[in-house]
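Numbering (this note's numbering), first residue to last: 2 to 129. Using N, Cα and C, we set each Cβ at its ideal position, and we do this for glycine too. Below is one structure, written out as structure tokens; comments come after it.
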Amino acid sequence: MTLWHISGWGFAALAFAALLVGFSKTTMVANAGGPVMSMYLLSAGFRKLGFLGTSAFFFLIVNVSKVPFSAGLGLIDGRSLLLDAALAVFVVPGALFGKWAVTRINQRLFEQLVIAATVVGGLQLLLR
Numbered sequence: 002m003t004l005w006h007i008s009g010w011g012f013a014a015l016a017f018a019a020l021l022v023g024f025s026k027t028t029m030v031a032n033a034g035g036p037v038m039s040m041y042l043l044s045a046g047f048r049k050l051g052f053l054g055t056s057a058f059f060f061l062i063v064n065v066s067k068v069p070f071s072a073g074l075g076l077i078d079g080r081s082l083l084l085d086a087a088l089a090v091f092v093v094p095g096a097l098f099g100k101w102a103v104t105r106i107n108q109r110l111f112e113q114l115v116i117a118a119t120v121v122g123g124l125q126l127l128l129r
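Pasting the structure below:
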């Protein structure tokens, strides 16, 4: 599925999801684009690898675009960069574990796990 093949209500759903994710993510209002994006990608029929790749790339672009604003607001400083560096050692093991795990679960279980995580994340956002 590519963007230029989406028409009619599919494009409207994509535009609405992008609007919600954009408002909640790029404006840094709640940093809450994950649940919206997850439900959109599942409803659009993305398979496991397409889901993971699309969401990872999308949020990479979104979060990189937030760096200048975060730095300007003083949210990125020496202390936060030291914490980032300390936590970076977990990126490679996490990626390897994720690659291992995604090959071992079927599509239905993957979708159920995504929905469960989305519900938990959504409730956490509402109850805060």
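Do residue 60 and residue 34 come within 9 angstroms of each other at the CB atom, strictly closer than that value?
-> Here residue 34 corresponds to residue number 33 of the sequence shown, with the count starting at 1. Here residue 60 corresponds to residue number 59 of the sequence shown, with the count starting at 1. Cβ atoms of residue 34 and residue 60: closer than 9 angstroms.
Looking at residue 13 and residue 41, is the spacing between their C-beta atoms short of 9 angstroms?
-> As a first step, residue 41 must be located in the sequence shown, where it is residue number 40. As a first step, residue 13 must be located in the sequence shown, where it is residue number 12. Not in contact: residue 41 and residue 13 (Cβ atoms no closer than 9 angstroms).
Who are the near neighbours of residue 123 in its chain, counting only those whose CB is closer than 6 angstroms to its CB and skipping five residues on each side?
-> By one-based count along the sequence shown, residue 123 stands at place 122. Around residue 123: 36.
When we look at the beta-carbon of residue 113 and count the other beta-carbons within 10 Å, is it buried (16 or more) or exposed?
-> By one-based count along the sequence shown, residue 113 stands at place 112. Burial call: exposed.
CB-CB under 6 angstroms to residue 39, same chain, minus the five flanking residues each way: which ones, in chain order?
-> Here residue 39 corresponds to residue number 38 of the sequence shown, with the count starting at 1. If we look at residue 39 and ignore the five residues flanking it on each side, its Cβ neighbours are 115 and 119.
Where residue 91 falls: helix, strand or coil (DSSP) | Here residue 91 refers to the residue found at position 90 when the sequence shown is read from its first residue. Residue 91: coil per DSSP, three-state reduction.
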